[in-house]
Each structure stands twice: as C-alpha cells, then as structure tokens.
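Report on one structure; see the data block that follows.
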Amino acid sequence: MKSDGHLGRCDPKGRVCDASNVILTAVSHNLRRVIAWLRDLLTSILIILWQAGVRSQALKPPS
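The sequence shown runs 897 to 959 under the working numbering.
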C-alpha cells in the first residue's frame, strides 16, 4: 500500500511514527476508493441523463 499511495519512508523512528504511517496509509487508500466510487456513480448518472435527453429529442415532432 505504501508504494501505491506514493508514501515515502518514515524518517522519525518509533512506535508513534509507525502507527501514524499505518493510519495515514489506510485513510489515503480508502479515500481513493471512495473517490473512484463517486466518479463511477457520477458517470452513470450523466449517461442516464444524456440518454434521457436524446430520447426526448427523438420524440419531439419536427417544427
């Protein structure tokens, strides 16, 4: 996870640094997952709205 999250080495030594590094790595991983989910949801919504607009344009009689 550290290499995927572009997190470098933990320079300060000790348990506090190790614990904070683990927490920050997990938080960043989960945020990336939430952002990807939101992006997929928005894409789906936009596709549905676009298709509804295309259908409504096709149903209108020519003027």
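Ideal Cβ positions, reconstructed from N, Cα and C, are used throughout, including at glycine.
Since this is a predicted model, take the numbers as computed values, not measurements.
Reducing DSSP to helix, strand and coil, say where residue i ends up.
i	result
G910	coil
Please confirm whether any heavy atom of the ligand ATP lies closer than 7 Å to the CB of residue i.
i	result
L937	Here there are no bound small molecules, and the ligand ATP is not part of this structure.
Look at the alpha carbon of residue i and the alpha carbon of residue j, and state the distance between them as a whole number of angstroms.
i	j	result
K909	A922	20 Å
V918	R935	26 Å
S916	R929	20 Å
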